[in-house]
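Residue numbers (our numbering): 9 to 263. Quick reminder that beta carbons are idealized off the backbone N, C-alpha and C, glycines included.
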């Protein structure tokens, strides 16, 4: 009974931005847990290699290369996924980018690019998938937030705004789609060691600052997020809706 409560075996899970980093770790975690996983990346060559590699290890995995911030591509490919793979049970909105610049020097393109990928894509993909889930009366949506949905830092106003907006979009999804049996929750990573954060981790002063602020005294790894992701995609979280689980090593727990 308890084991089945946390099971995602046989579920179809779509993970956006899953060519590397957090998205790939989450996808691998779901595959290991017995789910059928659909990968997404804008680079088809990267995606093809990943799918071939994961299938060689026994994974039930598929790949669709498209831009999740493009409405027409989203609509077309969500239809393709549902027709060719099956009904999406869990949507994991992970696509995200970073464009660092001081707020008074940030260009409109630097602002808009981050909002489009980090926030608008979650709206577009979430809406397209929810339209499929609503008639079925069930589904789970998980949006990747960040500590920066709660706390700002210099040079990332666009990123903080996108993640703060995504936090409220998650609540709106939970409110509007909950009556249809759909839950929407956020997963909020702390400082995770990925390609996106490598420039920060390689800065001795920033690296020291992170380790001094996190009670666990280390950067997180993408794999640290897998357990929470699977929990939010499993029956164990069926009555959790509109909530964000922060996986930050205790950052927000201490002053």
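Contact between residue 39 and residue 67 holds: CB atoms are separated by about 4 Å, below the 8 Å threshold. Bridge partners of residue 72 according to DSSP: 48. Assigned with DSSP and collapsed to three states, residue 134 falls in helix. Bounds of the beta strand (DSSP E) holding residue 147 are 147-152. As summarised for the segment 60-133, the continuous alpha helix (DSSP H) elements at least 4 residues long and confined to that stretch are 79-92 and 116-123, given in chain order. Per DSSP, residue 22 lies in no alpha helix (DSSP H) segment; the continuous beta strand (DSSP E) that holds it begins and ends at 20-23.
Distance check between residue 252 and each of 65, 244, 240 and 45 places 240 closest, using alpha-carbon atoms only. Boundaries cannot be given for residue 230, as no alpha helix (DSSP H) includes it and DSSP labels it neither H nor E. In this structure the segment 155-175 does not touch the segment 208-225; the number of beta carbon pairs closer than 8 Å is below three. Residue 45 and residue 14 have their alpha carbons spaced roughly 17 Å apart.
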